[in-house]
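Read through the structure below, which is laid out as structure tokens, and then see the notes.
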Amino acid sequence: MTPIILIPSRLRSSRLPRKPLAIINGEAMIVHVWRRAIEANLGPVLVACEDQEIADVILSAGGNALLTGNHHNSGTDRIFEALQIIDSDQNHEIIINLQGDLPAIDPKVLHEIIKPFENEDVDICTIASPLKEKDVHDKNIVKVRVKSVPKESMFFAQSFFRSGEENVDSSCYHHIGIYAYRRHIIEKFVSLPPCSAELSLGLEQLRAIEAGMKIYVGFVDTFPLGVDTPSDLVRVRAEMSSGLL
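Taking my numbering, the leading residue of the sequence shown gets 705, the next gets one more, and so forth.
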């Protein structure tokens with residue numbers, strides 16, 4: 705496998721404006737994410753962004769960034785535009801979509817997310833962690849319901865949802881928004897129009913589910929602290945400053 709890690713990023717954010725440039729321990733959040741991706745040592749790392757300010761901070765840190773259009777409805781659509789430009793020869797078979805709001809992501813997670821591709825039935829890989837009771841009705845937290853394939857000792861996504869509109873049981877987990885795609889699968893994905901459920905809930909992975917793509921779900925013990933709101937940013941700053949993350 706020849707992975708490439710692409711990090712979609714933009715300044716537009718309703719809950720935390722200019723989120724990628726929020727300073728944590730003296731550096732922009734997007735730089736922290738880029739550094740963690742580099743530490744994984746899996747392959748090239750590129751930030752795909754629609755804002756010159758984001759590109760500038762990545763370039764200043766010694767990284768690679770590419771400006772994309774501002775018309776994209778999803779991060780996957782954005783990284784696919786970048787992929788076509790930087791890998792027109794199709795040298796990379798596995799495409800990792802790493803969200804730009806996970807400054808404390810463990811690089812080991814990126815290794816785990818590509819292992820399942822040894823099984824030819826896997827189209828997309830993602831990860832999840834145990835769902836806490838207090839988070840069941842939190843619409844900011846995405847949940848994934850999994851179904852097991854005992855013969856292969858694997859778990860695949862059955863549905864994704866936000867709040868308690870579905871019955872939550874032991875098959876439901878806290879979804880972590882990192883994906884890895886086979887190249888031909890991401891090409892198919894971006895060619896499909898957004899489905900109604902995706903538009904309603906703002907969850908692009910529902911497009912893949914509706915299209916019959918098989919999404920493998922791996923598990924980690926704890927959710928890597930992400931940044932969606934100002935309170936999240938305060939917590940991340942405190943924990944990274946103290947060396948807890």
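Just so you know, even glycine gets a beta-carbon here, dropped at the ideal spot from N, CA and C.
| Asked | Found |
| --- | --- |
| State the DSSP-derived secondary structure class of Phe784, mapped to helix, strand or coil. | helix |
| Look at the alpha carbon of Ile711 and the alpha carbon of Glu891, and state the distance between them as a whole number of angstroms. | 17 Å |
| Just checking my contact of Leu802 with Ala741 at CB under 8 Å: how many whole Å lie between their CB atoms? | 6 Å |
| Among the residues of its own chain, which have a CB less than 8 Å from the CB of Ile882, if the five just before and after it don't count? | Ile800, Asn801, Leu802, Gln803, Leu806, Ile809, Val813, Leu814, Ile817, Thr830 and Ile831 |
| Cβ of Val720 within 9 Å of Cβ of Leu937? | For clarity, residue 720 is Leu in the given sequence; the question names Val instead. Contact flag set, yes. |
| Helix, strand or coil for Lys893? Go by DSSP, reduced to three states. | What sits at residue 893 in the sequence shown is Phe, not Lys. Of the three classes helix, strand and coil, the one that applies to Phe893 here is helix, per DSSP. |
| Quick one: grab the DSSP three-state call for Val826. | coil |
| To the nearest angstrom, report how far apart Gln756 and Val853 are at their CA atoms. | 45 Å |
| Could you have a look at Phe859 and say whether DSSP puts it in helix, strand or coil? | strand |
| Spatial neighbours of Val931 within its chain, please: CB distance less than 6 Å, with the 5 preceding and 5 following residues excluded, ordered by chain position. | Asp805, Leu937 and Val940 |
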